[in-house]
Structure formats: C-alpha cells, structure tokens
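> In this note's numbering, the protein residues as written are 2 to 700.
Cβ atoms here follow ideal geometry from the backbone N, Cα and C, with glycine treated the same way.
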C-alpha cells in the first residue's frame, strides 16, 4: 500500500509542477502496474511503454483518415472501441491491453471536439506523457523498495499464510483457549482469500508451466487457511491421537515453508501421503492433511518436471518458442465469448458517446473512460460489481471529491497541503484495493473518481459544475456497462460459476486424452490451447464464486451451498491438472532415453479412464447422470504397468522417469476418484442441479 501511495503522490506532484493535462490516469497507474517482483515490474513497465506507442500510432493514423469526416466519426469511435475491448480479452499480455485501452479511450474524445489538428495532436501526446510519468515513477519506486527490502509478493504471501496456520494449530494443541489475535490473524487471511495472490500471479508474466504451478499452490494454500479456521471454531478436549496429528501437521507445514524459502530443501511427497492416509477424528484436520499432501505432490511434481529438458524431441527447439512472439491468446479468434465481450463493450462506450454528443454535454465524457476501467474488473456477479462501482464512485466523487472542494480546498494555499489530502485519499483507495478481489475494485473506483475531479488539470479544481459533470459521467458509464453486460441477458453469479466449473471439467477431460494421441505435434498444440482455456475457466469460477454472497432471492441459499463445494473442489482439480501437465511434459520432452511405446499406450489407457471420470463429474453436476452405478477403480492399469516394468528392460534413467510418470498418474487418479465420490454423495444438491440444468449449461 505504501508503494502505491508514494508512486501516485510523486506522479501528482510532477504533473502539477510541469503542468501536464490529463494527469488522472497517470496517478491511477500506480494501482495497475505489477509489483510481484522487480522483474515483473520491469516487464510490466516495458510492455506498457510498447502499448503507449501502439495506442498513439493507432489514434493518429485513424485520425488522419476519419477526423475530418463528420459522418464517419461515429463509426470510427465504435470501431476503435471494438478493437479496444477485444484487446482487453484477447491480448496475451494484460499490461499491453490495459495501456493500449486506457490511452485510446482518453485520446479519442479529444478528436471529437471542434479544434485544430495541431491542438488535438498536442493533447493526444499530453495524454501519453501523463500516463508515461505514472509508469516511470511507479517503476522507480519499486526499484528503491526492492533495494531496501527485497520481497517476492507471491512466495512471501504464501509463507505468511502457512505461518499463521502453524501458529493457530500449535495454540490449539496446547488444550487451552486459543488467543484471539492468533485466530483473528488466520481469519483475516481467510476473509481476504487468495485473490490478491492470484492477481499478482496474473501480472507476473511467468511462463505457462510456472504459472500453473503457482496457481495450484495458491489455491491449495487458500484451502489450508480455510480449514485451519474451521478446525478451531468449536474447540474441545483433544485426544492423544489428535495431539499427534497436530504435531504431524506442524512438521508438514514447516517442511513446505522451508521448501518455499529454499527449493534445495527437497520434499518427499510419499511421507505426506502416508500421513494423509492416517484417519483422524476431526474432519477438518483430515482434509488439511489431504491438502498438504497434494501441495507436496505439486511441489515435487514441479521439481521432477524441471529436470526434463525443455526442448521438443522432434525439432530440438523450445516448444514454446512460437509463443514467445505470440501477441494473442490461443483461442483469441476462435472463442465467441471474446467477440461478444468486444461487441458489448463497444456498444456501452458508443452509447455513452452518443449521449454526450447529442446532448452537447462533453463534461460527462468520463463515462467512456469508466467503461474501459470497468472492463478491467474481474469481480464476480453483476450485483457485486454494481455495489462496488457505484459505491466507489459516490465515495470518491461525491463524498471525497466534491466534499473536499467545498470543505477542504478553500483553506489550501500550497501544493504541500494538497499533497497531504491527495496522499490520504490515495491511501484509503490503496488500502481497499489491496484487501480482496471482493473489495479491490471499490478502491480503484474511489481513486479514479477523486483523481478525475482534482488532478485532471494542472490546478486545483474549484468549479463544482466540472466535478458534478465528471461524477455524472462516471455513473453514466457504470449504468451503460450494467445495462449492456448484465441487464440484457445477464445471469447470476452462481449460474456462471457452475457453468464455468462444468465446462472446465470437460476441458480437463479433453486434455487427459491428448497424451495418447499418435500425432504428438498436434497433441502438443492442442494441449497448449487447452491449458489457456483451463486457466481461464479456473479464474472465472473463482471470480464468480466471490460474487455469490452478493446475490439475493430464494436461490441464494442453493448458490451458497454450491459455492462451498466449488471452493473445496477447485484446489484439488488444480492439483490434478498440474500433475497431468507434468506427465504430459515427460512424454513431450523425451530425447535419448525415450520410454517404449507400450509404456505410453498403457498410460494413455489410464488417462482416458481419468477423462471419463471428469465427464461423469460434469454430467452429474448438470443433472444428466442420476444413477452412475459403482465407480470403477481407474488405477488398476497402473498396478499392471508397474508389474510389467521389469520385463521392459529399462535403463536406470528410463526407470526413474517411468516411476515418476506412474506416481503422477496414480495421484491424479486417486484424487479424481475421491472428488467424484463426494459429488455422488451430494444427492440433494444434485437433484436441485438437475432442475436448473438449463440455467447452468444452456445458452
């Protein structure tokens, strides 16, 4: 939070000192740039600089063609908005999409006013300079902070959560009243969730395999935190077996923390699995054991995958070399959701443009900016979004923005006094923005509304009319985004959550089937595309789950019940996905000591069985499978394969690799079987899901 406040305040001082118009977005960039690590901050800054050049070029080239044609301006604006919103969904790098969108949406209104070309070009470049100052200042602040106190936001955030759980379990094991501050510490992490860590990971720029690893780790750690809180809600006298269980959990947590701090401290997943197999009288502690076992498996699986050469055995080239130069995500031009998002976004922005042009009320042009900033939000349901957006706009615009103009600014006579006011409001917005995804957009919207009123010009804004118009513009943009995205054909967060989860099950099933395809090159490309889709489905299910508590009506109770189950199953399916990706990587990157085709054929049979389990899960949740019958053990093929390995006459290197693949596959099979068993036991919920099947999976 301190870094955001310092960066935004310094940006404001530079904008005011050098009289740079359009400074609101420059200060807002302190909220948007990645701080996961110094490397990611540099990468984010470079990507944003590239996006500025692309945006200015895009606007000026289009202006040269359309600016003087009155009849074509509306088409130019609508087409530009379509490109902008499509980029927000389809561009691979979030920083590039954000930088491009923010600059375009602020430069376009300049070209709609009746001024000379020189004036409009000059103010377009001023917009680029304002956001450029914000970018440079933010990066400079990060360099200084990293020099003073190096910190990895993701790793440190994970270790802090595990440390809080350890302290809670140790206090619980003392058979005394657990200190309230210890419980509150874990409860705060449970309330905040892992959305902040996921947000940092999304901005980090890690390659796909590393991103998958940390996504799975973050999800499992969040589950451990939730279980830690629920385990001590109803304290009771502990038995000798429970004392032993708590000591074992403490040892496991300490080992995982040690491994995260230094990867050379190896983990032995089998020890965790043996511990998880021990029964416990506490359901929460037993579930925590299982989660820690999966966490160890994921970390060990990542270590095994890192030992495999990162080259394609058919070409001796890095398999992701083509992706290094890929600007768009794999399904950018195939997934109709991206097209619909762009159409809806451009429609909302164009409606705002038509309203302020037809009414000759250019003061509400902030509505278009609001449409784009709103599209950056990943908050869950429509109601949640509207509560956050409108609440942030009212608080930042009316209460703090206009309120400061009436009661504070008349008594301010220096930039120092204004800087104190600015820093105080920024601190409030940053504190909320860094709290949780459920509230983060409130903080960003609060800061945006205040900045648009008070630092859009290089002077203190004394006109209440200007402030009123900008607040009205913000509210108009929010209304149009609600009308287009949620008011017309919108669905509840619970429905969207279930649809994303079921779709992900089917996508995971397709990925399991890729390992046995005869055309390994085609399988590699398809697996890569599926990985992007799976990651998107996981993120969407999480985002929608965050919005379910904001739903209203009779169906809210059912939605909350499904939310609890989805939050329980998501980390386990992430672990399964990561283990499957590690198995596929072994097959893909084989070189000199390739395993025989018969081995991969047997593995393929097991993975097809796993795919069938995933399809059964999707059918069950969608109400298509009411009487599945007994569940067949899918790891029987692995036992037969293990018995047949001695006859394959493998080299020591091949033998180690074969055992690693079998272990990864067995862990995935066991977890899928356990999750499906739990789904089949949820009879009441399953019956209700069949009644709303058309809502969950229909168009």
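Who are the near neighbours of residue 375 in its chain, counting only those whose CB is closer than 6 Å to its CB and skipping five residues on each side?
Excluding sequence neighbours, residue 375 sits near 482.
> List the endpoints of the continuous alpha helix (DSSP H) containing residue 337.
Residue 337 -> alpha helix (DSSP H) spans 337-359.
> Please give the ranges of any alpha helix (DSSP H) in the region 489-538, keeping only runs that are unbroken, at least 4 residues long and fully inside the region.
Runs of the alpha helix (DSSP H) inside the region 489-538: 494-513.
> Measure the CB-CB distance between residue 478 and residue 409 and report whether it falls below 8 Å.
Their beta carbons are not under 8 Å apart, which means residue 478 does not touch residue 409 by this criterion.
> Does residue 708 come out as helix, strand or coil in the three-state DSSP assignment?
Nothing can be reported for residue 708: it is not among the residues displayed for the chain, which extend from 2 to 700.
> In whole angstroms, what separates the C-alpha of residue 523 from that of residue 529?
Approximately 10 Å, taken between the alpha carbons.
> May I have a chain-ordered list of the alpha helix (DSSP H) segments no shorter than 4 residues that lie completely inside the region 214-264?
Listed in chain order, they are 241-262.
> Check the C-beta distance from residue 1 over to residue 220 and give it rounded, since I have them as a contact under 8 Å.
What is shown of the chain runs 2 to 700, which leaves residue 1 out entirely.
> Under 8 Å between the Cβ atoms of residue 15 and residue 138?
Yes, the pair counts as a contact, with Cβ atoms nearer than the cut-off.
> Hey, out of 166, 336 and 345, whose CA is closest to residue 258's CA?
If we check each option's Cα against that of residue 258, 166 comes out closest.
> Could you check if residue 242 is buried or exposed, using at least 16 other CB atoms within 10 Å of its CB as the buried criterion?
It counts as exposed.
> Please report the distance separating the alpha-carbon of residue 217 from that of residue 188.
Going from the Cα of residue 217 to the Cα of residue 188 covers about 21 Å.
> Given a threshold of 16 other Cβ atoms within 10 Å of its Cβ, counted over all protein chains shown, does residue 262 qualify as buried or as exposed?
Exposed, because fewer than 16 other Cβ atoms sit within 10 Å of the Cβ of residue 262.
> Looking at the secondary structure, which residues open and close the alpha helix (DSSP H) in which residue 71 lies?
No alpha helix (DSSP H) contains residue 71, which DSSP labels as neither H nor E.
> What did DSSP end up calling residue 92 once you bin it into helix, strand or coil?
Of the three classes helix, strand and coil, the one that applies to residue 92 here is strand, per DSSP.
> Please state whether DSSP places residue 59 in a helix, a strand or coil.
If DSSP states are grouped into helix, strand and coil, residue 59 belongs with the helices.
> Beta-carbon separation of residue 112 and residue 22 under 8 Å?
Cβ atoms of residue 112 and residue 22: not closer than 8 Å.
> Please list, in chain order, all residues of the same chain as residue 471 whose beta carbon is under 6 Å from its beta carbon, the five residues on each side excluded.
Cβ within range, chain order: 367, 453 and 454.
> On the CB-based measure, 16 or more other CB atoms within 10 Å of its CB, does residue 13 come out buried or exposed?
Classification for residue 13: buried.
> Using the Cα positions of residue 214 and residue 341, report the straight-line distance between them to the nearest angstrom.
Cα to Cα, the separation comes out at about 31 Å.
> Is it right to say residue 116 is buried, meaning 16 or more other beta carbons lie within 10 angstroms of its own, or is it exposed?
Classification of residue 116: exposed, given that the 10 Å Cβ count is below 16.
> According to DSSP, what are the bridge partners of residue 329?
BP columns for residue 329 point to 92.
> With three or more C-beta pairs closer than 8 Å as the rule, is the region 500-518 touching the region 576-585?
Because the criterion of three Cβ pairs below 8 Å is met, the region 576-585 and the region 500-518 touch.
> Do the CB positions of residue 605 and residue 516 come within less than 8 Å of each other?
Contact flag set, yes.
> Using alpha carbons as the reference points, say which of 255, 465, 174 and 292 lies closest to residue 223.
The shortest C-alpha separation from residue 223 is found at 292.
> Closest to residue 200 by C-alpha separation, out of 359, 158 and 556, would be which residue?
Of 359, 158 and 556, the residue nearest in Cα terms is 158.
> Can you tell me the Cα-Cα spacing of residue 392 and residue 433, whole angstroms?
Using only the alpha carbons, I get a separation of about 12 Å.
> Look up residue 362 in the DSSP assignment and say whether it is helix, strand or coil.
Residue state, collapsed to three classes: coil.
> Ends of the alpha helix (DSSP H) at residue 125?
Where residue 125 is concerned, the enclosing alpha helix (DSSP H) stretches over 118-149.
> From which residue to which residue does the alpha helix (DSSP H) around residue 423 run?
Here the alpha helix (DSSP H) through residue 423 covers 416-434.
> Among the candidates 46, 69 and 78, whose CA atom is the shortest distance from the CA of residue 59?
Minimum Cα distance to residue 59 is reached at 78.
> Quick one: is residue 19 buried, meaning 16 or more other Cβ sit within 10 Å of its Cβ, or exposed?
Classification for residue 19: exposed.
> Starting from residue 622, follow the alpha helix (DSSP H) in both directions and report where the run begins and ends.
From DSSP, the alpha helix (DSSP H) with residue 622 extends over 598-622.
> For residue 156, which residues of its own chain have a beta-carbon under 7 Å away from its beta-carbon, when the five flanking residues on both sides are left out?
Same-chain partners within the cutoff: 261.
> Does the region 139-151 come close enough to the region 160-174 to have 3 or more Cβ pairs within less than 8 Å?
The region 139-151 vs the region 160-174: no contact.
> Would residue 295 and residue 552 qualify as a contact pair, given that the criterion is a beta-carbon distance under 8 Å?
For residue 295 and residue 552, no; Cβs fall outside 8 Å.
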